[in-house]
Amino acid sequence: MSFQVPQPNAARLRWGLDVLVGALAMVVLLRALLQREPHVGPIAGIVAVFVALHVLRIAADRLLVRRLLLLGMCASWAALASVGADAAYASVGLFLVFLTELPFARALAAVATVAGLDVVIGAVRSGWHATDMVAPVLGAGLTTLIGLGFRMLFEATAVQQELIRELQRTRAELAERERTAGQEAERQRLAREIHDTVAQGLSSIKLLLHAAEAEGLSESAAQKVALARDTAATGLLEARRLVAELAPADLSGASLTQAVHRVCERSVASVRCQVDGEPYALPMAVEAAIVRITQGALSNVERHAGRGARAVVTLGYGDALVRLDVVDDGVGFDPEVLTDATVPTFGLETVRARVAELGGTFVIESEPGHTALSVSLPVVAAVVS
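Numbering follows the working numbering, with no gaps: position 259 of the sequence shown is 261.
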């Protein structure tokens, strides 16, 4: 069984500090009771006011209110000192509040002021003895070091908490992207399955029934064949409709080149789109992959290339393959991150997997001022169905 050390928490640290400030004020009252000072009643009342102001300051949301209540605590401390209480303990609590809540320069000035007043009050009471002056100064110095330690711990904890929140946001974003990519991959798989099995089978049945009609069938048989052909045609239209709905929206009612242009036009980055070669029909899976890869590549340009980066998207048609190149002049990145398992590169891994599934090649290179993503996909016989 492993023991897990609790992580620092800014709220817990603040709570502990606030309790310490209140406890130091109570020490003033306790000392007055133990020493049987003549003004125990007023001291008890002032300590109660000091603690109440401290509690109200903790609960206050507005900075101005917190500052006014802190001034009230300073006035309470001065009142304690004026009635003869050992207010140095309360002053230590004030030092901690100053050093953890006020700007650094103001905090030091406030500490110096209260410490100086401690020295003056002690001198007025018992005379100007060096030993009586050293204690408040040393106490102020030691408390300043402790307060600075709290201040640094608060700042470090705040940075840690922000990093944790950023990590949680990143994990949630990656999980959402992974879920979306998984859904999209499944949609594409279903579209390919429907296209390659159901749609192609119905198309073949339709052609065979059409050929059977020309072979001099009896009127009864011809009617049944015609009905079967019409049923196959209806099923084929429905299968094609399903395939179209599962394909990327940019391909709806558009060719691949038009879909890629749509993606480029929507990008917030400065993107130029060009087509090399004569476009021709491609399998639906290839067209969908090219559109999705273009979307992902331009999304990376928008988020990582830097302000003012420009990109060129080139769709090239060859005899045996179709090629997609996305090049930008942004800040670039270290290609070594692609082999580092600790660095999240889900988007590029999705591209790599999509290309590998279609038997293509994927290459990416990057340096400051130049990042290029290149994808080549083999063209199995163009599908016209």
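Ideal Cβ positions, reconstructed from N, Cα and C, are used throughout, including at glycine.
Nearest-angstrom beta carbon gap, residue 159 and residue 15 [assumed within contact, 8 Å]: Their Cβ separation, rounded to whole angstroms, is 6 Å, which keeps residue 15 and residue 159 in contact under 8 Å.
Beta-bridge pairing of residue 314 - partner residues as DSSP gives them: In the DSSP output, where bridge partners are listed per residue, residue 314 has 274 and 329.
Straight-line Cα distance separating residue 102 from residue 273: Using only the alpha carbons, I get a separation of about 50 Å.
Just checking my contact of residue 238 with residue 227 at CB under 8 Å: how many whole Å lie between their CB atoms? Not quite, the Cβ-Cβ distance comes to about 16 Å (not below 8 Å), so this is no contact.
Identify the continuous beta strand (DSSP E) that holds residue 335 and give its terminal residues. Segment: none, residue 335 is in no beta strand (DSSP E) and carries neither H nor E.
Inter-residue Cα distance where the pair is residue 378 and residue 259: Between the alpha carbons of residue 378 and residue 259 lies a gap of roughly 16 Å.
Would you give the residue range spanned by the beta strand (DSSP E) that residue 365 belongs to? Where residue 365 is concerned, the enclosing beta strand (DSSP E) stretches over 363–369.
Here's a check: name, in chain order, each residue in its chain whose Cβ is nearer than 7 Å to the Cβ of residue 252, leaving out the five neighbours to either side. Counting only Cβ-Cβ distances below 7 Å, and skipping sequence neighbours, we find 261, 264, 265 and 293.
Nearest-angstrom Cα distance between residue 267 and residue 311? Approximately 15 Å, taken between the alpha carbons.
So the alpha helix (DSSP H) residue 1 belongs to, where does it begin and stop? This structure leaves residue 1 out entirely; the chain is present only between 3 and 387.
Contacts around residue 146, its chain only, beta-carbon distance under 8 Å, and the 5 residues preceding and following it disregarded: Once the five neighbours on either side are set aside, the close Cβ partners of residue 146 are 97, 101, 110 and 113.
Exposed or buried, which one is residue 56 when buried takes at least 16 other CB atoms within 10 Å? Buried, by the Cβ-count rule.
Going by DSSP in three states, residue 282 sits in which element: helix, strand or coil? Residue 282: coil per DSSP, three-state reduction.
In terms of DSSP beta bridges, what is residue 323 paired with? The secondary-structure analysis by DSSP pairs residue 323 across a beta bridge with 380.
Taking the continuous alpha helix (DSSP H) assigned at residue 214, which residues delimit it? Residue 214 -> alpha helix (DSSP H) spans 202–215.
With residue 82 as the anchor, note down where its alpha helix (DSSP H) starts and where it stops. DSSP places residue 82 in the uninterrupted alpha helix (DSSP H) bounded by 65–84.
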